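K.L.:
One structure coming up, written as structure tokens, with questions to follow.
In this note's numbering, the protein residues as written are 74 to 333.
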């Protein structure tokens, strides 16, 4: 669904004496957007240089679902009841499709940068696999662990968290990682032990301990280990397509890391 998402921009010019009521009307109309299954997110912004100018941005699941499904819904009727009086003030109303040109600036660091870069993830995986091979529940899975395995996993986690694309460019990307788990028959008990040992290793490797980083870290570990569980028990080679994209993990909380 994400590949078909479209962004609608509606540009308004509202007289200064009606601006506050316009904002209030959209605050009420936002309840209908929030209740719509076709709406991904929305935001109303006011121009700093020309305060009479406003831009509403709405991300829809698709243009078709906006124009056909949403506009036939009760949510649209409630939405339009609030904003209808401002249709006359619309200067532009168009849908925009993604071009593939997108990214983030340095104002919010990647998880990779916040953790301290490559060396931090190398310390993490070295500490982790030292625990794994000695563990009574997990040791059997890694009886013949290659010497370079910990380093490869460090490259994987680093790329997932926003670091260099070394794993996907040199080691085969997501498909390669998925194929490594086929037929391993990992159990839920082993998955949970894996999670616990990796969290212990994060402390030992002195990864950042702030709540924002650790919540994102734990979220990835839960996702990653549950994917490993699936690949090891239920998946086949056909479930690992060559073009399977690498996971790309972000903060998952507004604004990135907390700075007092």
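Even for Gly, the Cβ is constructed at its ideal location relative to N, Cα and C.
What you are looking at is a predicted structure, and each value in this text was computed from that prediction instead of being measured.
Spatial neighbours of residue 206 within its chain, please: C-beta separation below 7 angstroms, excluding the five flanking residues on both sides.
P.N.:
212, 215 and 218
K.L.:
Taking the beta strand (DSSP E) that residue 87 falls in, what are its first and last residues?
P.N.:
Residue 87 -> no beta strand (DSSP E), and no H or E assigned at all.
K.L.:
Relative to the C-alpha of residue 231, which candidate in 197, 254 and 256 has its C-alpha closest?
P.N.:
197
K.L.:
Within its chain, find whatever has a CB closer than 6 angstroms to the CB of residue 235; leave out the 5 residues flanking it on each side and keep chain order.
P.N.:
For residue 235, where only same-chain residues beyond five positions count, the Cβ hits under 6 angstroms are 183, 184 and 185.
K.L.:
Verify whether the separation of the beta carbon atoms of residue 313 and residue 264 is less than 8 angstroms.
P.N.:
no
K.L.:
Using only the alpha-carbon positions, how far apart do residue 226 and residue 246 sit?
P.N.:
11 angstroms
K.L.:
Helix, strand or coil: how does DSSP classify residue 167 here?
P.N.:
strand
K.L.:
Give the DSSP-derived three-state secondary structure of residue 133 in the structure shown.
P.N.:
strand
K.L.:
Taking the alpha carbon of residue 193 as the point to measure from, which residue in 81, 281 and 293 has its own alpha carbon closest?
P.N.:
281
K.L.:
Smallest Cα separation from residue 296: which of 277, 101 and 267?
P.N.:
267
K.L.:
In terms of DSSP beta bridges, what is residue 381 paired with?
P.N.:
There is simply no residue 381 to check, as the chain begins at 74 and stops at 333 in what is shown.
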